[in-house]
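As structure tokens, the structure follows; a few thoughts come after it.
If you want it as structure tokens, here you go:
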């Protein structure tokens, strides 16, 4: 991990195992389906079901300050807590990292390889739900430097010093797949004009750990994504795009990266946004 720009942003299963009982560390199991947590989780981990908490019913990120403060407070997280996030889906934990950093949490880390790596390395899961003492958490307004809003994306089209990076599947990029089938609420298929494509999962090894910094730099450079340019990432609902934001900012140290959290869910449904196939 020492070849990454910010090696402190990720931890391995051994580090987590050594800090399970540390009072200043809170482990968060983030997931789409609560059944994943109930079936077995890292001892002491609290459950964050992302749909309905971090994501609103309309699939937009819920940045409401009272919601963030309530979620962290119920989870026993205060502003000085080291939060370690993992999930059963390889995109979710880096997205939660982006979310927490956006609202001002200082120390967030991602378990490299997630739940699968934890189990593969011989560590046990439990179904016991930890007793957590609530805290008073203070969140800040979302950091504008981490987010691309609709106007940012519009203004980026055609700029030579900015790369629009679509990290969905190739089928989504080509306009062959919609968020839901059949498409709903006016969704159009395709991609933002001029956007280059790189599937977010291309940055991962077979065991869902991250590739080396050298491999990552070469991969992104092949798409024209380099540290001297601004990069705006997007996907369907902002989860995969935040995963790529994490790789570019934390592992490669690119200084100008924004995640368009509205992503295709927002862009494709508006009547005046251009779409290319």
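Residue numbers (the numbering used here): 3 to 279. Heads up, the beta-carbon is just placed ideally off N, CA and C, and yes, glycines get one too.
message = Using only CA atoms, which one of 133, 269 and 186 lies nearest to residue 153?
response = 269
query = Should residue 77 go down as buried or exposed, given a rule of 16 or more other Cβ atoms within 10 Å for buried?
reply = With 16 or more other Cβ atoms within 10 Å, it is buried.
message = For residue 292, tell me which candidate among 46, 56 and 231 has the shortest Cα-Cα distance.
response = The chain is shown from 3 up to 279; residue 292 falls before or after that span and cannot be answered.
ask   = Between residue 105 and residue 113, what straight-line distance do the alpha-carbon atoms span, to the nearest angstrom?
value = 20 Å
key: Range of the contiguous alpha helix (DSSP H) that encloses residue 270   = Element bounds for residue 270: n/a, residue is neither H nor E.
task = Look at the alpha carbon of residue 84 and the alpha carbon of residue 26, and state the distance between them as a whole number of angstroms.
result = 6 Å
key: Best match in 141, 279 and 198 for proximity to residue 166 [C-alpha to C-alpha]   = Nearest option by C-alpha distance: 198.
ask   = Ordered along the chain, which non-local residues of its own chain (more than five positions away) have a Cβ less than 8 Å from that of residue 109?
value = 82, 83, 84 and 85
ask   = Looking at the structure shown, is residue 16 part of a helix, part of a strand, or coil, going by DSSP?
value = helix
key: Contained alpha helix (DSSP H) runs [length at least 4] in the stretch 33-87, N- to C-terminal order   = 36-41 and 67-76
key: Closest residue to residue 250 among 226, 264 and 266 (Cα-Cα distance)   = 226
request  = Using beta-carbon positions only, say whether residue 234 and residue 169 come within less than 8 Å of one another.
outcome  = no
Of the listed residues 202, 117 and 264, nearest to residue 18 (C-alpha basis) = 117
task = Give me the Cβ distance between residue 192 and residue 177, rounded to the nearest whole Å; I'm assuming they're in contact under 8 Å.
result = 4 Å
Contact under 8 Å by Cβ, residue 280 with residue 248 = As displayed, the chain neither begins before 3 nor continues past 279, which places residue 280 out of reach and without an answer.
task = Can you tell me which of the three DSSP states residue 149 falls into?
result = strand
ask   = In or out: residue 124 buried (at least 16 other Cβ within 10 Å) or exposed?
value = exposed
request  = Compare the beta carbon distance of residue 43 and residue 35 with 8 Å and say whether it is the shorter of the two.
outcome  = no
task = Identify, in the order they occur along the chain, each residue of the same chain with its Cβ nearer than 7 Å to the Cβ of residue 218, setting aside the five sequence neighbours on each side.
result = 205, 249, 253 and 254
ask   = Distance, Cα to Cα, residue 212 vs residue 115?
value = The alpha-carbon atoms of residue 212 and residue 115 are separated by roughly 7 Å.
inquiry  = With the cut-off set at 8 Å, would you say residue 87 and residue 93 are in Cβ contact?
reply    = no
query = Taking Cβ to Cβ, would you say residue 149 is nearer than 8 Å to residue 260?
reply = By the CB criterion at 8 Å, residue 149 and residue 260 fall inside the cutoff.
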